[in-house]
Amino acid sequence: MHIVDAAKNKAKKVMADVEENIAETDILHTLKTEHREVAALLKEMVEAENGASRKKLLGQIKAALIPHLRAEEKVVYQPLIVDRDKGLRTDGFEGEAEHRLADRLMDELSAIENAASPEFAGTAKVLMEMIEHHVKEEEDDIFDDVKEKFSKAERFEMNEAFLAEKTKVSIS
């Protein structure tokens, strides 16, 4: 019985450490990490030649990217859009517009029956390049906006809200 109690206590400590680390993570770190994960999946999909592999990767990309986009819009872009500063508002609207383009390209890829086709390959490449462009601008511009507008403590809270918001998103 003593071993079971020790294991339970260890599990509780590990979970408390995980929760503490999440609470002390800047949203910008989380976003950057997720950007790298999606970029790797996109590259793999573009380089894949097998239709089944491409479809599987598209599913993984959608599962990672769609919750990221929706949560980012709510937690990062909306506060910029309602700001008094015209530049911040413009950056927020630009980010949301690029998200709509990503959604449209993912929908187009999902509708292509032959994932081994040149049509799928070309559309996948455009999605990858568009996301690369979006991430570069976001990490160069939006991240500076967020650092300027929000304290480190607020960015920790934004990270918690971002992670919670992602769990509410359904993927079709």
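Quick note: the sequence shown uses our numbering, first residue -1, plus one each step. Glycine included, every Cβ here is placed at the ideal spot set by N, Cα and C.
Environment of residue i [buried if 16+ CB atoms lie within 10 Å]
{"i": "Val80", "result": "exposed"}
{"i": "Glu111", "result": "exposed"}
{"i": "Ala100", "result": "buried"}
Nearest to residue i (by Cα), restricted to the options the options
{"i": "Val167", "options": "Ala38, Lys72 and Ala151", "result": "Lys72"}
{"i": "Glu163", "options": "Ala114, Lys84, Ile64 and Glu152", "result": "Ile64"}
{"i": "His172", "options": "Asp24, His66 and Lys54", "result": "Only positions -1 to 170 of the chain appear in this structure, which leaves residue 172 out of reach."}
{"i": "Glu106", "options": "Val124, Phe91, Glu94 and Gly90", "result": "Val124"}
{"i": "Ala109", "options": "His97, Arg98 and Ala122", "result": "Ala122"}
{"i": "His97", "options": "Pro116, Val74 and Thr31", "result": "Val74"}
{"i": "Thr172", "options": "Arg68, Glu35 and Thr31", "result": "Because the chain is modelled from -1 through 170, residue 172 falls outside the range shown and cannot be assessed."}
Inter-residue spacing [alpha-carbon to alpha-carbon] between residue i and residue j
{"i": "His132", "j": "Asp138", "result": "10 Å"}
{"i": "Arg82", "j": "Met156", "result": "20 Å"}
{"i": "Leu236", "j": "Asp143", "result": "With the chain covering only -1 through 170, there is no way to say anything about residue 236."}
{"i": "Glu158", "j": "Gln58", "result": "23 Å"}
{"i": "Glu146", "j": "Glu136", "result": "14 Å"}
{"i": "Ile140", "j": "Arg87", "result": "11 Å"}
{"i": "Arg52", "j": "Val44", "result": "8 Å"}
{"i": "Ser170", "j": "Ala61", "result": "9 Å"}
{"i": "Lys41", "j": "Ala114", "result": "15 Å"}
{"i": "Asn48", "j": "Lys150", "result": "45 Å"}
{"i": "Asp89", "j": "Phe118", "result": "30 Å"}
{"i": "Leu103", "j": "Glu92", "result": "17 Å"}
{"i": "Lys84", "j": "Met128", "result": "24 Å"}
Residue i: first and last residue of the uninterrupted alpha helix (DSSP H) it sits in
{"i": "Phe91", "result": "Lys84 to Ala109"}
{"i": "Asp24", "result": "Unbroken run through Asp24: none, as it is neither H nor E."}
{"i": "Ala136", "result": "As written in the sequence, residue 136 is Glu, which differs from the Ala given in the question. Looking at the DSSP string, Glu136 is not in any alpha helix (DSSP H), and its letter there is neither H nor E."}
{"i": "Phe174", "result": "Only positions -1 to 170 of the chain appear in the structure, and residue 174 is not among them; the question remains open."}
{"i": "Glu47", "result": "Run containing Glu47: none; DSSP gives neither H nor E here."}
{"i": "Val167", "result": "Careful: Val167 lies outside any alpha helix (DSSP H) and carries neither H nor E."}
{"i": "Val144", "result": "Phe141 to Lys147"}
Integer-rounded CB distance, given that residue j should sit under 8 Å from residue i
{"i": "Arg153", "j": "Leu29", "result": "Incorrect: roughly 10 Å between the Cβ atoms, too far for contact."}
{"i": "Glu70", "j": "Phe160", "result": "7 Å"}
{"i": "Glu130", "j": "Ala37", "result": "7 Å"}
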